[in-house]
Amino acid sequence: MSLWLILLLGGLITFGLRFSLIYLFGRFEVPGTMRRALHYVPPAVLAALIFPELFLNNGEFSITALNPRLLAGLIAILTAWYSRNTLVTITTGMIALFLLQSIAF
Amino acid sequence: MTNNQSSFWAGVRAELPLLIGVFPFGMIYGALAMNSGLTHAQAQAMSSIVFAGSAQFVTSQLVHEGAPGLVIVLTIAVVNLRHLLYSASMAPYLKDLSLRWKTVLAYLLTDEAYAPGILNYEKEGIQPSSHWFLLGAGFTLWLTWQMSTALGIFLEAAIPPTWPLDFALPLTFIAMIVPALKTRPMVAAWLSAGIVAILAYSLPFKLGLILAAGTGILVGTALETRR
Chain U
137 MSLWLILLLG GLITFGLRFS LIYLFGRFEV PGTMRRALHY VPPAVLAALI
187 FPELFLNNGE FSITALNPRL LAGLIAILTA WYSRNTLVTI TTGMIALFLL
237 QSIAF
Chain F
3 MTNNQSSFWA GVRAELPLLI GVFPFGMIYG ALAMNSGLTH AQAQAMSSIV
53 FAGSAQFVTS QLVHEGAPGL VIVLTIAVVN LRHLLYSASM APYLKDLSLR
103 WKTVLAYLLT DEAYAPGILN YEKEGIQPSS HWFLLGAGFT LWLTWQMSTA
153 LGIFLEAAIP PTWPLDFALP LTFIAMIVPA LKTRPMVAAW LSAGIVAILA
203 YSLPFKLGLI LAAGTGILVG TALETRR
């Protein structure tokens with residue numbers, strides 16, 4: 137599948153998701169269970185994207201102190217929790233990774 | 003100024019503080035997309051065709067890893083499923099608008115346009131010019147996203163390739179989701195999805211991602227229902 141086709145389909149699906157219930161309102165009620173389930177989509181999907189980046193090193197499980205991405209990621213998680221600020225979290229995490237990579241070898 | 007105009011500009015003003023976070027996001031996306039092997043045109047076009055921050059990051063990442071097209075499209079759908087909730091919650095306020103207005107406002111309905119838009123509706127109710135507020139907020143975000151993408155694409159060449167810029171992706175996701183983990187079911191959904199993602203990482207076609215997301219959604223929903 138060419139990348140342009142992927143972008144087009146991805147765009148159509150995204151628009152469809154945003155447009156669907158605005159268009160269908162009055163004809164279709166969102167069931168309570170689905171509404172609850174949708175609530176857990178962001179934490180589930182984002183965790184599935186975050187965890188392998190922190191815990192896996194070239195596909196291998198790496199939980200040692202020599203895994204700078206795991207340490208920098210944990211620092212970023214703490215920063216995000218306490219600061220609740222997007223920019224501060226990204227900056228702190230990047231600086232942490234730079235420092236940890238320069239002292240590691 | 004007419005009511006429509008003042009409502010539009012009120013929407014623009016409500017959006018301005020959010021841009022402090024959005025602009026760097028857009029730049030990081032532009033640079034990451036170039037890093038992932040997209041062309042200038044593809045990286046820029048994605049910002050207006052897909053127009054959804056996290057899905058654009060994920061798409062760049064999957065293109066970089068050579069994931070099959072069908073998996074990328076399915077992943078975009080899963081990542082953007084939350085927009086169904088926004089659509090459901092906006093629907094009662096937009097029900098009397100023309101199809102053209104519904105189409106434009108749905109296209110602009112991102113996380114950062116939904117937030118000020120729904121707050122305004124909850125505060126003011128449906129006024130004759132309310133939809134101009136949502137248009138003002140949404141359009142301001144759209145314009146900022148296009149410009150910051152372009153700047154990120156432009157600056158990518160100036161960023162040394164040894165910099166671990168790809169780490170900005172998980173950091174972005176951490177910054178977005180960690181402050182939202184306020185209840186036990188949310189934390190459980192997050193942790194269970196993360197653990198399954200590591201265990202199932204070696205599955206082909208990025209199926210581990212779908213499996214992990216499904217697990218997290220089930221765990222969160224089950225825990226909430228049990229209470």
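Those protein sequence lines, which keep their order, are chains U and F. Quick note: the first sequence uses this note's numbering, first residue 137, plus one each step. Quick note: the second sequence uses this note's numbering, first residue 3, plus one each step. Quick reminder that beta carbons are idealized off the backbone N, C-alpha and C, glycines included.
Please report the distance separating the alpha-carbon of residue i from that of residue j.
i       : j       : result
L141(U) : A69(F)  : 14 Å
V106(F) : M92(F)  : 13 Å
P94(F)  : A117(F) : 16 Å
N203(U) : S238(U) : 12 Å
T228(U) : F197(U) : 24 Å
I120(F) : T200(U) : 45 Å
A90(F)  : H133(F) : 16 Å
L171(F) : W217(U) : 18 Å
S38(F)  : A199(F) : 22 Å
F59(F)  : F169(F) : 12 Å
K97(F)  : L190(U) : 44 Å
V80(F)  : P162(F) : 33 Å
L182(U) : T4(F)   : 43 Å
V14(F)  : L145(U) : 30 Å
F135(F) : I22(F)  : 20 Å
M36(F)  : H66(F)  : 10 Å
K184(F) : A191(F) : 12 Å
E158(F) : W165(F) : 11 Å
L139(U) : L40(F)  : 9 Å
F25(F)  : V73(F)  : 29 Å
K104(F) : G71(F)  : 30 Å
L185(U) : A177(F) : 13 Å
R171(U) : A224(F) : 13 Å
Hey, out of the options, whose CA is closest to residue i's CA?
i       : options                               : result
I226(U) : I212(F), K184(F) and M29(F)           : M29(F)
N122(F) : V180(F), T223(F) and L137(F)          : L137(F)
F161(U) : E67(F), E158(F), L86(F) and S131(F)   : L86(F)
L20(F)  : S50(F), K97(F), L205(F) and W144(F)   : W144(F)
P187(F) : I199(U), Y218(U), F187(U) and A180(U) : A180(U)
L148(F) : L110(F), G196(F) and A199(F)          : According to the sequence provided, residue 148(F) is Gln. The question's Leu does not apply to it. Closest option to Q148(F), Cα to Cα, is L110(F).
H42(F)  : S62(F), I197(F) and F27(F)            : S62(F)
P178(U) : I155(F), A152(F) and I212(F)          : I212(F)
G216(F) : A115(F), I179(F) and T77(F)           : T77(F)
L220(F) : G195(U), T169(U) and L157(U)          : T169(U)
S8(F)   : A139(F), A159(F), Y203(F) and T185(F) : A139(F)
A152(F) : G32(F), G13(F), A182(F) and F27(F)    : G32(F)
N82(F)  : A232(U), L236(U) and R154(U)          : R154(U)
N156(F) : A45(F), A12(F) and L18(F)             : Looking at the sequence itself, residue 156(F) is Phe, so the reference to Asn does not match. Comparing Cα positions, the closest option is A45(F).
L210(U) : I158(U), G147(U), G152(U) and L233(U) : L233(U)
T142(F) : N6(F), A12(F) and E17(F)              : E17(F)
L101(F) : T150(U), S156(U), M137(U) and L139(U) : S156(U)
If you reduce the DSSP assignment to three classes, tell me which class residue i lands in.
i       : result
F25(F)  : helix
L192(U) : strand
F161(U) : coil
F197(U) : strand
Q129(F) : coil
P19(F)  : helix
E67(F)  : coil
V181(U) : helix
N37(F)  : helix
F53(F)  : coil
L110(F) : coil
M92(F)  : helix
T4(F)   : coil
A166(F) : Residue identity check: residue 166(F) is Pro in the sequence provided, not Ala. Correct three-state label for P166(F): coil.
M137(U) : coil
F122(F) : In the sequence as displayed, the identity of residue 122(F) is Asn instead of Phe. Helix, per DSSP.
L83(F)  : coil
S156(U) : helix
L183(F) : coil
Determine the extent of the alpha helix (DSSP H) in which residue i is found, giving its start and end residues.
i       : result
L99(F)  : Run containing L99(F): none; DSSP gives neither H nor E here.
M170(U) : G168 to H175
L171(F) : A170 to I179
E230(F) : Absent from the model: residue 230(F). The displayed extent of chain F is 3 to 229, so no value can be given.
P187(F) : R186 to L201
T41(F)  : Unbroken run through T41(F): none, as it is neither H nor E.
L225(F) : L209 to R228
P204(U) : P204 to S219
S238(U) : T222 to I239
Point to revise | chain F contacts made by the stretch 187-212 of chain U, where a contact means CB separation under 8 Å | key: F187, P188, E189, L190, F191, L192, G195, F197, R205, A208, G209 and A212
**Study point:** Interface residues of the stretch 9-21 of chain F facing chain U [CB-CB below 8 Å]
**Key:** none
Practice item. Return the residues of the stretch 170-181 of chain U that lie within a Cβ-Cβ distance of less than 8 Å from chain F, sorted by chain order. Key: Those would be R171, R172, A173, L174, H175, Y176, V177, P178, P179, A180 and V181, in chain order.
Practice item. Taking a Cβ distance cut-off of 9 Å, strictly less, list which residues of the stretch 102-115 of chain F are near chain U, in chain order. Key: Look at the stretch 102-115 of chain F: the residues with a C-beta under 9 Å from a C-beta of chain U are K104, T105, L107, A108, Y109, L110, L111 and T112.
Exercise for review: Using a Cβ-Cβ cut-off of less than 9 Å, list which residues of the stretch 173-189 of chain F approach chain U; keep chain order.
Suggested key: L173, T174, F175, I176, A177, M178, I179, V180, P181, A182, L183, P187, M188 and V189
Review point. For the stretch 24-51 of chain F, which residues have a CB atom closer than 8 Å to at least one CB atom of chain U, in sequence order?
Key: P26, F27, I30, L40, Q44, A47, M48 and I51
Check your understanding: What residues in the stretch 75-98 of chain F bring their beta carbon closer than 8 Å to a beta carbon of chain U?
Key -> V75, I78, A79, V80, V81, N82, L83, R84, H85, L86, L87, Y88, S89, A90, M92, A93, P94, L96 and K97
Review point. What residues in the stretch 140-159 of chain U have a beta carbon less than 8 Å from any beta carbon of chain F?
Key: W140, L141, I142, L143, L144, L145, G146, G147, I149, T150, F151, L153, R154, F155, S156, L157, I158 and Y159
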